[in-house]
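Below is one structure, written out as structure tokens; the observations come after it.
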């Protein structure tokens, strides 16, 4: 089985712009979670989608949003980028309500 | 508020030695405790996980020790190898959901 894929792998944006990141889960997985990883804060939970519905949400501002499509692929959008949004954004998928999450390689976002 | 506290931040161990990483949690509703291993440029990969109904779980050279009363759990890597050099994250979640709370990570270096 192919693993979790994320595109693009690297992204450079400037402050004020918006960005959309994509995640394709493992085939058959219906849950997709997004995390922000920074050296100082570690992995911070953004949100989780299951069957196209947001099921859980972390403590991030409304500039961070996401969605999931009927094929379980998910996108994450960050609007009005700030310097502090520079991070590795990780997507993880799991089967149903299983706790076992499989992570993708991440998208490295740099905001200048 | 850090729901899962991890220590040490970094660890240097001789080849063949034992690496020990500790985590503590606050929320007694957590009932799933995984450990992830992350190499540079890669997403975290599930290493081993434990549920609170057992005090220890062993898989190869990796062992989780779990102390429910103290709300602590630890990862022991026996016979540490240079290939084990990576960042290790502990995490916690509730079996009813997929929201994971991660520790801040431990950078392990195993020197030959």
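Residue numbers (the working numbering), protein chains in the order written: chain A, 48 to 159; chain B, 47 to 158. Here a beta-carbon is modelled for each residue, glycine too, at the ideal position from N, C-alpha and C. Predicted model only: the values in this text are computed from it and were never measured.
The C-beta of residue 153 (chain A) comes closer than 7 Å to at least one C-beta of chain B. Under a 10 Å Cβ-count criterion, residue 137 (chain B) is classified as buried, with 16 or more other Cβ atoms of the shown protein chains found around its own Cβ. If you check each beta-carbon in the stretch 92 to 107 of chain B against every beta-carbon of chain A, the ones closer than 7 Å belong to 92.
Sorting B:64, B:84, B:90 and B:78 by C-alpha distance to the C-alpha of residue 127 (chain B) places B:64 at the top. Taking all protein chains in view, the Cβ of residue 100 (chain B) is surrounded by fewer than 16 other Cβ atoms within 10 Å, so the residue is classified as exposed. From the beta-carbon of residue 78 (chain A), the residues of chain B found nearer than 9 Å are 144. Setting aside the 5 residues that flank it on each side, residue 59 (chain A) is surrounded in the same chain by 157 and 159, each with a C-beta closer than 7 Å to its C-beta; the list follows chain order. Cβ neighbours of residue 65 (chain A) within its own chain (closer than 8 Å, five residues either side excluded): 124, 125, 126, 127 and 128.
Contact between the stretch 61 to 77 of chain B and the stretch 86 to 96 of chain B is absent: fewer than three C-beta pairs spanning the two stretches fall below 8 Å. Within the same chain, and ignoring the five residues on either side of residue 110 (chain A) in sequence, the residues whose Cβ sits closer than 7 Å to its Cβ are 125, 126 and 127. Fully contained in the stretch 68 to 152 of chain A is no alpha helix (DSSP H) run of length 4 or more. Remark: C-beta atoms of residue 58 (chain B) and residue 134 (chain B) do not approach each other more closely than 7 Å.
The beta-carbon separation of residue 73 (chain A) and residue 89 (chain A), rounded to 24 Å, does not stay under the 8 Å limit for a contact.
Residue 95 (chain A) counts as buried, since at least 16 other C-beta atoms from the protein chains shown sit within 10 angstroms of its C-beta.
Secondary-structure assignment with DSSP links residue 117 (chain B) through no beta bridge to anything. Burial state of residue 132 (chain A) is buried, judged by a 10 Å Cβ sphere holding 16 or more other Cβ atoms. The C-alpha of residue 138 (chain A) is placed about 6 Å away from the C-alpha of residue 82 (chain A).
Put simply, the CB of residue 88 (chain B) is near chain A, with a gap under 7 Å to one of its CB atoms.
Closest option to residue 139 (chain B), judged by alpha-carbon separation, among B:79, B:152 and B:118: B:79.
Among the bridge pairs identified by DSSP, residue 57 (chain B) is matched with B:154. If you draw a 10 Å sphere on the C-beta of residue 141 (chain B), you find fewer than 16 other C-beta atoms in it, and that means exposed.
Just so you know, the alpha carbons of residue 52 (chain A) and residue 98 (chain B) end up roughly 32 Å apart.
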